[in-house]
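Enquirer: Structure provided below as structure tokens; questions to follow.
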């Protein structure tokens, strides 16, 4: 027996036995059955109020193509865990309950009486569906530097969601080149970028929202490919034999390149003499360091750092030179009438030294002391007679006497310096 025949069977009985005509014709108390709007996952109810039902029966039908009978009289025909019928609530109201509503439940529902002809009331179920981003949306996009690219965020929901874009690193989204106009947030499901540069490389987050929580976000990684650029920290490096030297090359490239160090055409590997290191400073920036231990004459020359990826290759040369020898520091003891001053006269080579990497500073050649302290120490070591003679000599106003004092004091200071150091 089909669903339509089940509905019409009581009406046929009424006509055959002329039973239903003895009762008043049933009518709907309300002109319409109220529409229902719900959030996905909730339970909803359709209510149908009938007057003078008599021996007629009530059916709830899902208005699909073809129609689907859900409940008839007091019996549920489909998915008893999904639907529930409550007949004769307050004697004249019939209630259809739909549990855990989903997108498949959206549509029209009919409350129908098996009169001749049949009469019905229709209500619609609409859902407020939180936004979702289609899993077919790309999670990574690759583009050549200088080209255009469009990032898409395919979002669905009810009502239809709005979409905004922002960069994960909170930088400005540049729409036209690396320095073109931009904004921190872009509205729209498609984000178009023109003349992209390596500075566009980032994670772009799209957020879909329609007022029904929760919002949903999706991250698209934008990879901008370009050929390597190798920049040495210094093109020339000077070092003294026996020292440790570090040569540094900075590389910009994406994808990350193959990198090598060579010397006189031969590739350098980790060994007792050489140590290779590298680190990532930014997504597409790397730092490569060649450490040379105990530099000797065979290590002086030209070193090459080279990088290569699918987009091209680039290299840079660094010249390692032997640093010139240090000039000896000259020590001059100057004499001033009435005192003995010691000092160091040094050629100023600080600017020249700053050009050399890994050049050790020499220790001081002479330790100096304050001239007054030296005078006190000298006089402390003199006998009373010698001190008296010095005072007598100091009273002599002749130039030859003054010169004698200077010579004698200078001799004593020099002697004390030799004894104490």
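In full-length UniProt numbering, the protein residues as written are 1 to 421. For glycine and all other residues, C-beta sits at the position ideal for the given N, C-alpha and C. On a predicted model such as this, the values are computed, not experimentally measured, just so you know.
#1: Does DSSP classify residue 103 as helix, strand or coil?
#2: Do you know offhand how far residue 367's Cα is from residue 254's?
#3: Using alpha carbons as the reference points, say which of 49, 52, 66 and 73 lies closest to residue 59.
#4: Per DSSP, what kind of secondary structure is residue 298 in: helix, strand or coil?
#5: With a threshold of 8 Å on Cβ separation, who are the neighbours of residue 141 within its own chain once the five nearest residues in sequence on each side are excluded?
#6: Curious, which full-length beta strand (DSSP E) runs of at least 3 residues does the stretch 149 to 223 contain?
#7: Could you tell me which of 100, 91 and 162 sits nearest to residue 81, measuring between CA atoms?
#8: Kindly indicate which residue of 121, 106 and 155 has the alpha-carbon position closest to the one of residue 47.
#9: With 16 other CB atoms within 10 Å as the buried threshold, where does residue 387 fall?
#10: Go through its chain and collect everything with a Cβ distance to residue 359's Cβ below 8 Å, but skip five positions before and after it.
#11: Classify residue 98 as buried or exposed, calling it buried when 16 or more other Cβ atoms lie within 10 Å of its own Cβ.
#12: Between residue 293 and residue 189, what straight-line distance do the alpha-carbon atoms span, to the nearest angstrom?
#13: Where does the unbroken beta strand (DSSP E) through residue 25 begin, and where does it stop?
#14: Output needed for residue 68: all residues of its chain with C-beta closer than 8 Å, excluding positions within five of it in sequence on either side, in chain order.
#15: In the UniProt domain "Ig-like" (26 to 114), which residue ranges form an unbroken beta strand (DSSP E) of at least 3 residues, counting only runs that do not cross its ends?
#16: Use the C-beta contact count for residue 264: other C-beta atoms within 10 angstroms, 16 or more gives buried, fewer gives exposed.
#17: Using 8 Å as the threshold, is the C-beta distance between residue 64 and residue 107 below it?
#18: Does residue 213 pass the burial test, meaning 16 or more other C-beta atoms within 10 Å, or should it be called exposed?
#19: Could you pull the start and end residues of the beta strand (DSSP E) that residue 145 belongs to?
#20: Quick one: give me the first and last residue of the beta strand (DSSP E) that residue 468 is part of.
#21: Cα-Cα, which of 226, 208, 305 and 229 is closest to residue 153?
#22: Please list, in chain order, all residues of the same chain as residue 248 whose beta carbon is under 6 Å from its beta carbon, the five residues on each side excluded.
#23: Decide if residue 104 is buried, meaning its Cβ has at least 16 other Cβ atoms within 10 Å, or exposed.
#24: Below 8 Å between beta carbons: does that hold for residue 178 and residue 199?
#25: Please report how far the alpha carbon of residue 29 lies from the alpha carbon of residue 160, in whole angstroms.
#26: Here's the rule I'm using: 16 or more other beta-carbon atoms within 10 Å means buried, otherwise exposed. How should residue 117 be labelled?
#27: Check this for me: beta carbons of residue 257 and residue 308, under 8 Å apart or not?
#28: Bridge partners for residue 426 per DSSP, in chain order?
#29: Tell me, to the nearest whole angstrom, how far the beta carbon of residue 130 is from that of residue 40; I am working on the premise that it is less than 8 Å.
#30: Under DSSP, the beta strand (DSSP E) around residue 432 begins and ends at which residues?
#31: Should residue 71 go down as buried or exposed, given a rule of 16 or more other Cβ atoms within 10 Å for buried?
#32: Could you compute how far the alpha carbon of residue 333 sits from the alpha carbon of residue 297?
#33: State the DSSP-derived secondary structure class of residue 309, mapped to helix, strand or coil.
#34: Quick one: is residue 320 buried, meaning 16 or more other Cβ sit within 10 Å of its Cβ, or exposed?
#35: In angstroms with no decimal places, state the Cα-to-Cα distance between residue 201 and residue 136.
#36: When DSSP builds the beta bridges, which residues end up paired with residue 304?
Expert: By the coordinates alone:
#1: helix
#2: With a pLDDT of only 34 at residue 367, under 50, the local geometry of the prediction cannot be trusted, and the value read off the model is given with reservation. If you take the alpha carbons of residue 367 and residue 254, they lie about 57 Å apart.
#3: 73
#4: helix
#5: 149, 151, 220, 221, 222 and 223
#6: 149 to 152, 155 to 158, 162 to 167, 190 to 193 and 202 to 209
#7: 100
#8: 121
#9: Its pLDDT being 48, under 50, residue 387 is placed unreliably by the model, and the measurement read from it follows with that caveat. Exposed, since its Cβ has fewer than 16 Cβ neighbours within 10 Å.
#10: Because the pLDDT of residue 359 is 36, which lies under 50, any placement of that residue in the model is unreliable, and the number read from its coordinates should be weighed accordingly. Within the same chain, residue 359 has close Cβ partners 238, 239, 240, 243, 323 and 353.
#11: buried
#12: 57 Å
#13: Counting along the chain, residue 25 falls outside any beta strand (DSSP E), and DSSP gives it neither H nor E.
#14: 3, 61, 62 and 78
#15: 36 to 39, 44 to 51, 58 to 62, 68 to 72, 83 to 89, 93 to 98 and 107 to 113
#16: exposed
#17: yes
#18: exposed
#19: Neither: residue 145 is in no beta strand (DSSP E) and is coded neither H nor E.
#20: Coverage of the chain is limited to positions 1 through 421, which leaves residue 468 absent and any answer about it impossible.
#21: 208
#22: 233 and 289
#23: exposed
#24: yes
#25: 36 Å
#26: exposed
#27: yes
#28: Absent from the structure is residue 426, since the part of the chain shown begins at 1 and ends at 421.
#29: 7 Å
#30: The requested residue 432 is not part of the displayed model; the chain covers only 1 to 421.
#31: buried
#32: Any answer about residue 333 is weak, because its pLDDT of 32 lies below 50 and its placement is not dependable; what the coordinates show is given next. Spanning the two alpha carbons is a distance of roughly 39 Å.
#33: strand
#34: buried
#35: 22 Å
#36: 262 and 317
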